[in-house]
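Asker: Protein chains in written order, with this note's numbering: chain A, 1242 to 1657; chain B, 573 to 940. Okay, here's the structure, questions in a sec.
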C-alpha cells in the first residue's frame, strides 16, 4: 500500500515537471503588452551624394566570351566580330623520332567552336569566316580589321539552323557538324576548312587568324566561348619525307588570341552613372546613412531607386544582370568590392523603367558595422560579356537616385 | 525510511531543477500591467485556500509565526498549472511549471528566530502572438507578431520573529525585490521582401519593502493575526537606462484561527493592497480566504476557498478570481521530512477574458 502511494506521489511530481506552453493569441489592447512594434517607412531623397562612374574594369580581350552581333537599329548598327589567332608549328614537323620534314601545306583543317549563348528566337543564324592578318592583337580595333572583312569569306557560309536540321547534325557535303549540349546549353560546331580555307604557310610559322561575322533573320547576337570552350584547330598537313609527301595529323591547337571588335565604339563617360558595356563601367553611390536609423532601429527593407537617363543599350535579347554591392573601402575607382553581399536585378535593353534594387542586406550590414563604408557599387554581374549598358541620372539631377528604407523602432521593453 | 528518502530526493530534484523559474501562476491579466502577483503561501496554506497563511511559519506572508519554529527548517514548493484562457470564443490551453517558494528558518536565540528565503512578487512570463496587417509602401502587408517575456520579480525576504509572551508574537522583515525578464519582440511579414524583425532585451527590476506582523492568542484555541507591508517602487532597467519607475502598493491584512480541538482547525483571512499606485489600469484589491484542516500528524485533510480581485485588467473594474482547493500532507523520517500535496481550481474573470486553472502543488519541508 505504501509503495502504491509513493508511486502516486512520484507521478504527481513528474506531472509537475512537465514542459511549458505559454503562447497565446493576443487580444489588443486589453490583453497585449503596452508596447507595440512600430514600423516606419521613409524615402531618403537627398542621402545619396558624390556619385561617380568609371570605365575600363574588364576589356574585350579579358572577357570570357567573344561577342558577335549584327543588329541594325535606327541609330546605327551594332556590329560585333570575334577575331582569333592560332600559332602554327613552324616550317617543319617531326616525321619520325629523329627526323623532321618540311611542311608542304595543308590538306585541310577542322575548326571547333562553342556557341555558349544565343537567342532562341534567332532564325537562320549564319556564320561567315574571314582570314585576318596574323598581326592582330589585344589592341586591334574594329576599323583596323575592317578591310579584311570586306574580302571574300574563306569558306562557304555556315547556316547553323540548316546544320541543326541535318540528321545527326552532320552535313555530309561540307563535312560540318553541330552537337547540342543540352546540359550546359551550348552548341559545339565542328567546321571543315578545305585546302584553300586552311592555308598553312610554313615560312610564316604557320600562324592563321580568322574573324567571324554573323547574320540572322532577326536578333543576330551570340557569344562564342573562350579558354576551355574556346576555338581549337586541327590541322591535316602534308610533310616532305625524302621527297615523298606524307600526311600528318599534329596535335590540336588552341588560340593564342581570342578577342572581339565592335562598332559603334563605346561612348565616353558623361555626367550620368554608367553600368555595363565593353570595356565595362561601374558606378559608385555614396550614401549619407542617417544616424537615427543606423543607431536605434532595425532595417527590414531597403530599396534603391535609379532612373535611367536613356533607354538601356544593347542587343534586344541580351538582358543583363546588374548587381549592387558595397565596398570594403572607398578608394574611388579602385575600391575593393565586399564579396559577401550582392543584390541583383535584370536590365532589359530598351527599357526606361525606374530600376528598383532591394538592398536590405547591405543596409543591415552598414547598421551593424558602423566602420563599413556606406557606398553602393553598381556593376554588371558578367562584365564585358554583354554589349548592354545603362545610364542613370546622377545625384545632381532632378531624378536623382533615392533610397527607401523601412525600419522598426526600438521596442519599448520594460515599460509596464 | 528508504522510500521516504527516495521521495525526498525526487521532490528536491524536481523542485530545484529550474531555479530560474521562480514564479507563481501566470495570467493573461498580468500582461498589460506589472505582472501577476505571487501567492506568499506554502503548499499547506494554499491547499486550504490561503486561510492559514497568516498562521503558517513556512508561508512568507507574515513573520510572527516564525517565532514558533523550534529547529532549523527548510521548505520549498512547486506547482504546475494547466490553464484555459478563453477570449471570446477562443480557448487557448496553456501550461506552466513554477517554483514559487523557497525558505529556511532557524532559532538563533531563545526568543529570536530568523528566516531567509524568496518567493515570487510578480510573475512576468507570457508569450503573446498577434496576427494583423498594416499598409506599407501602398500595399496591405500581413504580419505575425510574437512578444514574449520570460522571468519574474522575486521577493527576497530577511525576517526575524520573537514570541514575547505565550499570547503575543511579533515579527518584521525587509524585502529586496529583484529579478529580470528576457523579453523578445518578433515580427514576420508574409511578404518575405520585408525581413523579419527580432529584438531582445534583458529587463532588470529592483525595489525594496518592509513588513511587520503580530500574532495574538486571544483565548485557548483562538488566535488573531495582523500584518502590514510597504514597498517603495519598482525600477525597470535595460542596460544602464532606467525605463520605468512604478510605485508599489501598501498592503495590510488580518486573520483568525479557531482550533476547537487539536484535530480540527478553521481559519479565515483578508487582505487589502493599494495596487492602484502602479498607475492607470491598476486597481486596489481585496482578497479573502477561508479554510479548514482536519486531522493531525501523519495525513491531515485540508480544504479551502478564496476569492478577491486582480490588480491589472481592462476596463474600469478589477478582474475577479475565485478558487477552491484541497490537499494533504505526509511526514516521513520521524517528522524530519514532510511532503505536502495540494490541488486548486481557480477561475478568473475580467472583460471578455475568463481563465480556468487547475494547479497541482507539491511542497517539501526538511528539518535536518
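All residues carry an ideal CB built from backbone N, CA and C; glycine is no exception.
1. Determine the closest residue to residue 1471 (chain A) out of A:1629, A:1398, A:1578 and A:1326, with distance taken between C-alpha atoms.
2. Here's the rule: buried if 16 or more other CB atoms are within 10 angstroms of the residue's CB, otherwise exposed. What is residue 633 (chain B)?
3. Is residue 1302 (chain A) helix, strand or coil when you go by DSSP?
4. Please work out which residues of its chain come closer than 6 Å, Cβ to Cβ, to residue 1282 (chain A), disregarding the five sequence neighbours upstream and downstream, and give them in chain order.
5. If we ignore side chains and look at the alpha-carbon of each, how far apart do residue 929 (chain B) and residue 1545 (chain A) end up?
6. Determine contact between the stretch 759-770 of chain B and the stretch 802-818 of chain B, defined as no fewer than three beta-carbon pairs at a distance below 8 Å.
7. In whole angstroms, what separates the C-alpha of residue 1510 (chain A) from that of residue 1631 (chain A)?
8. Which same chain residues, not among the five before or five after residue 939 (chain B), have their C-beta less than 6 Å away from its C-beta?
9. Return no unless some Cβ of chain B is closer than 7 Å to the Cβ of residue 1274 (chain A).
10. Measuring CB atoms only, is the stretch 743-750 of chain B touching the stretch 721-735 of chain B, in the sense that at least three cross pairs come out at less than 8 Å?
11. Of the residues B:882, B:902 and B:818, which one's Cα is nearest the Cα of residue 926 (chain B)?
12. Please list the partners that residue 773 (chain B) has in chain C, where partner means a Cβ-to-Cβ separation under 8 Å.
13. Would you verify that the beta carbon of residue 717 (chain B) is, or is not, closer than 7 Å to some beta carbon of chain A?
14. Do residue 601 (chain B) and residue 884 (chain B) come within 7 Å of each other at the CB atom, strictly closer than that value?
15. Against chain A, which members of the stretch 751-779 of chain B pass a CB distance test of less than 7 Å?
16. Indicate the three-state DSSP secondary structure (helix, strand or coil) for residue 1443 (chain A) in the structure shown.
17. In whole angstroms, give me the CA-to-CA distance for residue 1615 (chain A) and residue 774 (chain B).
18. If contact is defined by three or more beta carbon pairs under 8 Å, each pair taking one atom from either stretch, is the stretch 654-670 of chain B in contact with the stretch 893-912 of chain B?
19. Looking at chain B, which residues of the stretch 1397-1425 of chain A have a Cβ within less than 8 Å of any of its Cβ atoms?
20. Tell me which residues share the same chain as residue 1385 (chain A) and place their Cβ nearer than 7 Å to its Cβ, disregarding the 5 neighbours each side in the sequence.
21. Cβ of residue 733 (chain B) within 7 Å of Cβ of residue 831 (chain B)?
22. Mind listing, in chain order, the continuous beta strand (DSSP E) runs of no fewer than 3 residues lying wholly within the stretch 1480-1555 of chain A?
23. Cβ closer than 7 Å: which chain B residues qualify as neighbours of residue 1280 (chain A)?
24. Using beta-carbon positions only, say whether residue 1516 (chain A) and residue 1508 (chain A) come within less than 7 Å of one another.
25. Closer than 8 Å is the cut-off here; do at least three beta carbon pairs connect the stretch 795-802 of chain B with the stretch 823-841 of chain B?
26. Which full runs of the beta strand (DSSP E) of 3+ residues lie inside the stretch 1619-1646 of chain A, going along the chain?
27. Assuming residue 1558 (chain A) contacts residue 1360 (chain A) under a Cβ cut-off of 8 Å, what Cβ separation, rounded to an integer in Å, is found between them?
28. Just to check my reading of the structure: residue 1477 (chain A) and residue 1349 (chain A) have Cβ atoms closer than 8 Å, yes? What is that Cβ distance to the nearest angstrom?
29. State yes or no: is the beta carbon of residue 923 (chain B) nearer than 7 Å to at least one beta carbon in chain A?
30. Among B:844, B:698, B:859 and B:624, whose alpha-carbon lies nearest the alpha-carbon of residue 664 (chain B)?
31. Can you give me the C-alpha to C-alpha distance between residue 772 (chain B) and residue 719 (chain B), rounded to a whole angstrom?
32. By DSSP, does residue 634 (chain B) sit in helix, in strand, or in coil?
33. Once DSSP output is grouped into helix, strand and coil, what is the label at residue 626 (chain B)?
34. Identify the continuous alpha helix (DSSP H) that holds residue 618 (chain B) and give its terminal residues.
35. What's the C-alpha gap between residue 1533 (chain A) and residue 1649 (chain A)?
36. With DSSP as the reference, label residue 1609 (chain A) as helix, strand or coil.
Answerer: Looking at the atomic coordinates:
1. A:1326
2. buried
3. helix
4. 1647
5. 53 Å
6. no
7. 11 Å
8. 643, 645 and 908
9. yes
10. yes
11. B:882
12. No chain C appears in the structure shown, which is made up of the protein chains A and B.
13. yes
14. yes
15. 755, 757, 759, 765, 766, 767, 769, 771, 773 and 775
16. helix
17. 31 Å
18. no
19. none
20. none
21. no
22. 1485-1489, 1498-1504, 1514-1517, 1522-1528 and 1538-1547
23. 706 and 708
24. no
25. yes
26. 1630-1633
27. 4 Å
28. 5 Å
29. yes
30. B:698
31. 10 Å
32. coil
33. helix
34. 615-619
35. 11 Å
36. helix
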